[in-house]
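First the structure, in the form of structure tokens, and then the observations on it.
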Amino acid sequence: MNDFVTQSATERTARAVATRLSTDHGPELLVDVEKALRAGDNSAAPDQFLDPISLGSLIVSVASLGWAVYADLRRHTPEPPRQELVQRIRLELVDPGESLSTDEGQVIDAVVENILDEGSAD
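Mapping to our numbering: the sequence shown position 5 is 31, numbers consecutive.
In structure tokens:
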């Protein structure tokens, strides 16, 4: 996957996840994700996500990470299993011995669902 395609996929996934989660977190989540997308550096997973802006950053970070993991898994199998994708993202996002927050779990699940839906369409 080239950078243009990956970036576009990351943006599409982040926006789709924000739309989905905005029912629980409010419509301002959409704006927060746009701000995070415009910030540009979404390669590092933040340590804590306590406020809505951080949730927007989390969504963008997990979308970017998710697509990178998906591309890696696709080199070995054309249709990576959902659970393997979830597990790899969790391993990258959360330090060993720590547990996921509810928000992190929701974001990972929504990102994986979006990636698998979009990935199967290509």
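We treat Cβ as the ideally placed atom computed from N, Cα and C, and that holds for glycine.
Every value quoted in this text rests on a predicted model; they were computed, and no experiment measured them.
Once you ignore the five residues that flank residue i on each side, which residues in its own chain have a CB closer than 7 Å to its CB?
{"i": "Thr45", "result": "Leu56"}
{"i": "Leu63", "result": "Glu37, Ala40 and Val86"}
Quick check: the Cα distance between residue i and residue j, rounded to an integer number of angstroms?
{"i": "Ser125", "j": "Leu117", "result": "11 Å"}
{"i": "Val140", "j": "Ile115", "result": "Per the sequence shown, residue 140 should be read as Asn rather than Val. Approximately 14 Å, taken between the alpha carbons."}
{"i": "Leu47", "j": "Ser87", "result": "15 Å"}
{"i": "Leu111", "j": "Val138", "result": "7 Å"}
Can you list, in chain order, the residues of its chain whose CB lies under 8 Å from that of residue i, leaving out five sequence neighbours each side?
{"i": "Phe75", "result": "Here Phe75 scores only 42 on pLDDT, less than 50, and its place in the model should not be relied on; the value that follows carries that caveat. For Phe75, where only same-chain residues beyond five positions count, the Cβ hits under 8 Å are Leu81, Ser83, Leu84, Ser127, Asp129 and Glu130."}
{"i": "Thr39", "result": "Ala89, Gly92, Trp93, Val137, Asn140, Ile141 and Glu144"}
Here's the rule I'm using: 16 or more other beta-carbon atoms within 10 Å means buried, otherwise exposed. How should residue i be labelled?
{"i": "Ser34", "result": "exposed"}
{"i": "Asp58", "result": "buried"}
{"i": "Gln132", "result": "buried"}
{"i": "Ala42", "result": "buried"}
Determine the closest residue to residue i out of the options, with distance taken between C-alpha atoms.
{"i": "Ala136", "options": "Ala94, Gly145, Ala89 and Leu99", "result": "Ala89"}
{"i": "Pro107", "options": "Gly145, Gly123, Ala42 and Asp58", "result": "Gly145"}
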